[in-house]
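Here full-length UniProt numbering is used: the sequence shown runs in plain steps of one and ends on residue 371.
Note sheet for the following structure.
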Amino acid sequence: SQQSDDVTLDDLPLREDLRGKSPYGAPQLDVPVRLNTNENPYPPPPELVDDVTEAVREVAAQLHRYPDRDAVALREDLAAYLTSSVGIEVTSRHVWAANGSNEVLQQILQAFGGPGRTALGFEPSYSMHPIISAGTRTDWVPAPRRGDFSLDAAEAARIVGDRKPDVVFVTSPNNPTGGSIPLAELDAVLQAAPGIVVVDEAYAEFSSQPSALELLPRYPSKLIVSRTMSKAFAFAGGRLGYLAASPAVVDALQLVRLPYHLSLLTQAAARAALRHADATLASVATLASERDRVADALRGLGFEPVSSDANFILFGRFADPSATWKSYVGKGVLIRDIGIDGHLRVTIGTPDENDAFLEASKEVGR
Ligand code: PMP
């Protein structure tokens with residue numbers, strides 16, 4: 006008889022559209038300098054670690070009970086953070102949270118996408134957008150960016166008006182290219198969109214552009230702004246993403262969310278981390294100036310960095326990016342090959358890590 010280890014995907018009644026696919030994910034390699042997944046390189050300060058530990062210890066006594074299904078206290082804290090940092094008044098009713106913004110995006114597509122519906126994005130952008138679309142059986146419509154990776158808003162609005170997607174993704178700052186979209190240009194896309202427009206602001210704290218949240222009063226039935234604690238907040242391991250939108254959007258997502266999706270531990274830890282937002286976000290200015298230093302240094306070495314508003318830089322040009330990526334790994338520096346012709350992406354690390362990256366850059370092949 007067949008042993009369980011001998012069963013392959015081909016033996017399983019897998020959905021046809023998932024056959025032959027590989028799982029998403031950057032290689033997790035144990036090398037000294039890890040600059041490949043756009044995390045904050047600074048570990049949480051000791052006060053934050055203590056506060057998270059204490060908060061988790063307190064709630065551990067209630068682990069026999071399900072957590073608050075609506076995570077109201079956490080959503081209140083996130084709303085207070087958005088209100089004070091963006092300057093637009095939002096309440097817990099405007100905010101929804103899940104295990105990373107990937108789960109938020111998945112819930113959005115479960116509610117507003119799905120079979121017979123379409124989602125559109127401007128490529129190259131965050132590759133999970135089409136993957137989550139596929140997972141929810143939402144047809145993906147790729148639309149182009151300019152050759153310099155910026156978004157041509159007039160052309161974007163024309164395509165959106167023409168294709169009438171149920172969901173439009175605009176990533177700002179865009180991953181992996183780093184540029185932000187000005188609000189006036191986003192406004193043009195929102196005007197043309199017949200359905201939902203998700204502005205993925207995972208890297209918003211690093212950007213000099215205002216948040217799309219400023220447009221919520223004008224587009225209350227279209228706009229969703231997605232955020233995460235994984236980047237500037239230095240909480241990638243905690244898995245906490247969130248969104249701001251009209252309360253009706255939150256009602257819609259409650260139709261598809263799994264009950265108790267945010268554990269007691271996650272809610273307590275995220276709230277404790279948020280209490281230290283000022284300390285955590287103090288690294289943003291350092292990372293932004295390091296980003297500019299690294300970009301200048303790369304240019305000085307003869308590379309072509311793409312202008313970035315985020316905590317990473319896309320840079321070229323390489324005849325064989327995957328060979329160059331390997332030679333960086335050989336020098337103990339892990340960056341990202343995102344499959345863009347001639348380019349690689351590096352996350353901004355600590356000054357020492359950035360120096361190690363720049364040192365390696367002098368020696369890798371082009
Ligand atoms: N959106 C963008 C643009 C991202 O780059 C990422 C992380 N790479 C995410 C969303 C998802 O991050 P998380 O699930 O950790 O919030």
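In this text, a Cβ means the ideal position worked out from N, Cα and C, and glycines have one as well.
Across the set Ala324, Ala365, Leu319, the C-alpha of Ala365 shows the shortest separation from the C-alpha of glycine 337. Annotated three-state conformation of aspartate 144 is strand, per DSSP. Within the model, the alpha-carbon separation for alanine 139 versus valine 203 is close to 17 Å.
Looking at the DSSP output, histidine 69 shares a beta bridge with no other residue. Every residue whose Cβ sits closer than 6 Å to any heavy atom of ligand 1 is listed here in chain order: Asn43, Gly105, Ser106, Asn107, Tyr131, Thr176, Asn180, Asp205, Ala207, Thr233, Ser235, Ala241, Gly246.
Per DSSP, the unbroken beta strand (DSSP E) holding phenylalanine 127 starts and ends at 123-128. Short of 7 Å from the beta carbon of arginine 304, and not among the five residues preceding or following it, lie these beta carbons of its own chain, in chain order: Pro310. Within the model, the alpha-carbon separation for serine 132 versus lysine 331 is close to 21 Å. Beyond the five residues adjoining it in sequence on each side, proline 50 comes within less than 6 Å, by CB distance, of Ala284 in the same chain, given in chain order. Classified as buried, glutamate 206 has 16 or more neighbouring CB atoms from the shown chains inside 10 Å of its CB. Annotation: the continuous alpha helix (DSSP H) that includes tyrosine 86 extends over 77-91.
For arginine 163, the enclosing alpha helix (DSSP H) stretches over residues 158-168. In terms of Cα proximity to proline 46, the closest of Asp342, Val289, Gly354 is Gly354. Excluding residues up to 5 positions away in sequence, Glu44, Ser235 lie with their Cβ nearer than 7 Å to the Cβ of alanine 241 in the same chain. Look at tyrosine 333 here: in three-state DSSP terms it is helix. In the three-state DSSP reduction, aspartate 205 falls in the strand class (E or B).
Rounded to the nearest whole angstrom, the CA to CA distance from arginine 244 to serine 231 is 14 Å. For alanine 103, the enclosing beta strand (DSSP E) has its first and last residue at 100-103. Nearest neighbour of isoleucine 136 by Cα position, chosen from Phe308, Tyr29, Ala277, Phe154, turns out to be Tyr29. The beta carbon of alanine 300 is closer than 6 Å to those of Pro310, Ile318 in its chain, skipping five residues each way along the sequence. Proximity to proline 326 across Pro72, Ser313, Ile345 peaks at Ile345, based on C-alpha coordinates. Nearest neighbour of proline 222 by Cα position, chosen from Arg298, Ser213, Gly92, Pro147, turns out to be Gly92. In the structure shown, serine 288 adopts helical secondary structure according to DSSP, grouped into three states.
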